[in-house]
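The structure appears below as structure tokens.
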């Protein structure tokens, strides 16, 4: 199956700072990538759909200005959590293709 | 509104037994039904998937049974092993940006 990587795998940051998470498709080109958020022992919540060369499509209730998504190339999408707060602490996972090949996830902890 | 309903929430099975997880959906427009396996701290991994034109798909010890008329599909894990202990998610999709996940089933296989 397709391989998707994420970086970093975990990050700790202080409140008010911004954090960037990278999602890369390693062996294929992805015009569309997806960003999910997952709380402990819960299902995945789609945050936004990232489209190469155009603006991301955000799900209802997701703050566009807080979760900035950039899909600058066919193999890279980034999610930037701006002015992070403790409630943003979560597991962020990206995926690509119709089959939803997932990255390994990024654990964000905001102190 | 939960588009895909998954049960049970948790499941304990003896080694060598059969694990069965069920999902139900309402939208007949769904045309892709995958199952994902997720280990703690990792992203979900595509396990097996089926399209509505077949009633069963088997890959090794994993089988999807699909009942189009009942709008239900299930995952069967034969000869369950302790290494199968993980959280399993079913999902249903119409197209890439309409992907709905079940709430997850925590499977524990007892040696």
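Residue numbers (our numbering), protein chains in the order written: chain A, 15 to 125; chain B, 1337 to 1447.
No residue lacks a Cβ here, since even glycine has one placed at the ideal position from N, Cα and C.
If I follow the unbroken beta strand (DSSP E) through residue 84(A), where does it start and stop?
81-87
At least 3 beta-carbon pairs within less than 8 Å: the stretch 105-113 of chain A vs the stretch 1337-1355 of chain B
no
DSSP state of residue 101(A) mapped onto helix, strand, coil:
helix
Is the stretch 1369-1380 of chain B touching the stretch 70-83 of chain A in the sense that three or more CB pairs, one from each, lie closer than 8 Å?
no
For the pair the stretch 1345-1354 of chain B and the stretch 1424-1444 of chain B, tell me if three or more CB-CB distances fall below 8 Å.
yes
Three-state secondary structure assigned by DSSP to residue 1380(B)
In the three-state reduction of the DSSP assignment, residue 1380(B) falls in the coil class.
Please report the distance separating the alpha-carbon of residue 1356(B) from that of residue 91(A).
36 Å
Cβ-based burial, residue 99(A) [other Cβ within 10 Å; buried from 16]
exposed
Chain B contact for residue 107(A) (CB, 7 Å cutoff):
yes
Look at the Cβ atom of residue 1401(B), then the Cβ atom of residue 1392(B), and state whether they are nearer than 7 Å.
The answer is yes: Cβ separation under 7 Å.
Find the residues of chain B that neighbour residue 58(A), judging by a C-beta separation of less than 8 Å, and give them in chain order.
1380, 1425 and 1437
Does the distance from the CB of residue 1408(B) to the CB of residue 1360(B) come in under 7 Å?
yes
Interface flag, residue 1440(B) vs chain A, CB-CB below 7 Å:
yes
Does any residue of chain D have a CB that is nearer than 7 Å to the CB of residue 113(A)?
Here chain D cannot be found, since the structure's protein chains are A and B.
For the beta strand (DSSP E) that contains residue 1414(B), what are its first and last residues?
Note, residue 1414(B): premise wrong, no beta strand (DSSP E); not H, not E.
Residues that DSSP places opposite residue 34(A) in a beta bridge
94(A)
Given residue 23(A), which residues of its chain have a CB within under 8 Å of its CB, disregarding the five upstream and five downstream residues?
118, 119, 120 and 121
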